[in-house]
Each structure stands twice: as structure tokens, then as C-alpha cells.
Amino acid sequence: MESRARARRDVSIERVDEPSQSNPRARRRARPPPAAAAAAAEALQILGRFEALPRLVVFDLDHTIWPLYCDCCSIGDSPRLFRHAKGIMCALKEKGIAMAVSSRSSTPDIANAFLDKLELQPMFVTKEIFDSWTHKTEHFQRIQRTTGIPYESMLFFDDEHRNFATVSKMGVTSILVDWDGGVNLEMFKLGLNNFAAKFAASSTDKDEQTSFNG
């Protein structure tokens, strides 16, 4: 039974030999994979098509940016990301759009260790990684207090419908990604399109209200 469970877990874990900490030349040779660079370039093109952009993009972790559950992993494992995830984050960073993490993982130590190994920690202005029955209401309340960014200026990606539904009611533009595909360029474009449409509708409502009051 243990071997079968291990085999299932290895589908989502990529084991790689990490550069020796005592060998700086090995670390200098590390380069972003071509897929991430290509995804970043395309994500930047997508961002350039929209005038109204979110001020903050929030990512779930498990089965949103990586194809695994931290609860089923050990801290010594070497994770991998979904193909487009790193490129999308790099594009957002280059565009000056803040990013955050919202995860209901019960193993924040493993989640943070994986973010370290993937060199993603500097990407995020804040991380809320804790188990909760509120379906991320509390996560987003903390994110809003920390950043000062209104919910209406946020874009959120998650693979669980209950989180998607709850956070959407808070005013956040939310996108439900596929469990086995995570955040990709198609979902990224959908998120930006939905955000822009919501922003336009809100602006129209405000203009009509101003005209009515005048």
C-alpha cells in the first residue's frame, strides 16, 4: 500500500538534483526554463491588451499553481509548477502588479518550503496559508487589511468551487481553474477579460448615478 501511495504522489512531484549550496557556479548556471520565458512573453502581450488591470492577483497553491496537494507531500520533496504558472507570475511582476497567496493548506511549512525551492517567495507581497472552514473569507480579509487594496481591484485563481463562490461574493473577480490544468494562459486571459468587463460595468453604473444625481 505504501509503495502505491508513493507512486501516486510521484506523479505530481518532480525530483531533481538541486545545485550544491557550496558550489556558486552551479547556482549561476540555473536559468528559467524556456517554457516559462515563452509563457511570460505571451502573458505580457495579453496584459497589454487591457487598459483596466487588477492591482493585486491572488493565487491558490494546490492544483492551481502546482499539480499536487502539500498535505500529501513531505518537506524534502521537489515540486514542479504547472507549465504556464511561473511565466504568468513573471509577467505580472514586470508589469508592476502585486501578487499574493491564499491557501487553505494544513501544512504551511511544506507550502513555504516548496515556494522557496521554486524561488517564488519574492513574488508575493503577502501570503495567507492556513486551514479554515470559511472558504477563504478570512484569508481575503487579512489580505485586504495588509495591502489596503479593495476587493474590487483583485483577481483570484482557485481550483475549488466553494472558494470561488465565497470569494466572488466579496467583490473579487474570481476564476475557477481546472484541477488538472491549473492557472494557464487561457485562464489568465479569461481572468483579465472578466476583470475588465466588471470594471467597465462599474464605471458605467457610477457615471449613470452621477448623471442622475446631477
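Just so you know, the sequence shown maps onto residues 1 to 214 in full-length UniProt numbering.
Every residue gets a Cβ at the ideal spot worked out from N, C-alpha and C, and that includes glycine.
Owing to the predicted nature of the structure, the values given are computational and were not obtained by experimental measurement.
* Leaving out five residues on either side along the sequence, give the residues of the same chain with a beta carbon under 8 Å from the beta carbon of N112. => In the sequence shown, residue 112 corresponds to position 112, counting from 1. If the five residues before and after N112 are omitted, its C-beta is found closer than 8 Å to the C-beta atoms of Q121, K127 and I129, all from its own chain and listed in chain order.
* Would DSSP call T146 helix, strand or coil? -> In the sequence shown, residue 146 corresponds to position 146, counting from 1. Here T146 sits in helix by DSSP.
* Ordered list of alpha helix (DSSP H) runs contained in the segment 149-184, each at least 4 residues -> If we require 4 residues or more, the alpha helix (DSSP H) runs fully inside the segment 149-184 come out as 161-168.
* To do: Rounded to whole angstroms, what's the CA-CA distance from E119 to S203? Just pull it up for me.
  => As a working note, residue 119 is residue 119 in the sequence shown. As a working note, residue 203 is residue 203 in the sequence shown. About 38 Å.
* Asked: To which residues does DSSP link S103 through a beta bridge?
  -> Working through the sequence shown from its first residue, we reach residue 103 at position 103. Its beta-bridge partners are I129.
* **DSSP-derived helix/strand/coil call for P34** => For the purposes of this step, residue 34 is taken as the residue at position 34 of the sequence shown. Looking at P34 - three-state DSSP - the assignment turns out to be helix.
* To do: Quick one: give me the first and last residue of the alpha helix (DSSP H) that F59 is part of.
  => Residue mapping note: residue 59 aligns to position 59 of the sequence shown, counting from 1. Looking at the DSSP string, F59 is not in any alpha helix (DSSP H); the run it does join, the beta strand (DSSP E), is L56 to F59.
* **Assigned exposure category for I88 - 16 Cβ within 10 Å defines buried** => As a position in the sequence shown, residue 88 is number 88, starting the count at 1. Buried, because 16 or more other Cβ atoms sit within 10 Å of the Cβ of I88.
* For the segment 70-79 and the segment 38-57, state whether three or more C-beta atom pairs, one from each stretch, are separated by less than 8 Å. => Because the criterion of three Cβ pairs below 8 Å is not met, the segment 70-79 and the segment 38-57 do not touch.
* To do: Identify, in the order they occur along the chain, each residue of the same chain with its Cβ nearer than 8 Å to the Cβ of M99, setting aside the five sequence neighbours on each side.
  => For the purposes of this step, residue 99 is taken as the residue at position 99 of the sequence shown. Result list for M99: L56, V57, V58, F59, M89, L92, K93, M123, F124 and V125, in chain order.
* Local conformation of P62 per DSSP, three classes -> Position 62 of the sequence shown, counted from the start, is the residue given in the question as residue 62. The question names Pro, yet the displayed sequence has Asp at residue 62. Judged by DSSP in its simplified three-state form, D62 adopts strand.
* Inter-residue spacing [alpha-carbon to alpha-carbon] between N194 and A85 -> Stepping through the sequence shown from its first residue, residue 194 is reached at position 194. Stepping through the sequence shown from its first residue, residue 85 is reached at position 85. In this structure, the CA atom of N194 is about 19 Å from the CA atom of A85.
* Alpha carbon of D109 to alpha carbon of A165, nearest angstrom -> Taking the sequence shown and counting its residues from 1, one reaches residue 109 at position 109. Taking the sequence shown and counting its residues from 1, one reaches residue 165 at position 165. Taking the straight line joining both Cα atoms gives about 27 Å.
* To do: Take the Cβ of T107 as the centre, count every other Cβ of all protein chains shown within 10 Å, and call the residue buried at 16 or more, exposed below.
  => To locate residue 107, count along the sequence shown from 1; it is residue 107. With 16 or more other Cβ atoms within 10 Å, it is buried.
* Contacting residues, own chain, Cβ-Cβ under 8 Å from S153 (five flanking each side not counted) -> Here residue 153 is taken as the residue at index 153 of the sequence shown, counted from 1. Residues P54, R55 and L56 of the same chain have their beta carbon placed closer than 8 Å to that of S153, with the five preceding and five following residues left out of the count.
* Asked: Closest to L81 by CA distance: which of A36, Q45 and L47 is it?
  -> For the purposes of this step, residue 81 is taken as residue 81 along the sequence shown, with counting starting at 1. Here the closest residue by C-alpha is A36.
* Rounded C-alpha distance that separates K95 from W133 -> On the sequence shown, residue 95 is found 95 positions in, with the first residue counted as 1. On the sequence shown, residue 133 is found 133 positions in, with the first residue counted as 1. Cα-Cα distance, rounded: 34 Å.
* Count the other C-beta atoms from every protein chain shown that fall within 10 angstroms of the C-beta of W66, then say buried if there are 16 or more, exposed otherwise. => On the sequence shown, residue 66 is found 66 positions in, with the first residue counted as 1. W66 should be labelled buried.
* To do: Look at the Cβ atom of R83, then the Cβ atom of A39, and state whether they are nearer than 9 Å.
  => Within the sequence shown, the letter at position 83 stands for residue 83. Within the sequence shown, the letter at position 39 stands for residue 39. In this structure, R83 lies near A39, with their beta-carbon atoms less than 9 Å apart.
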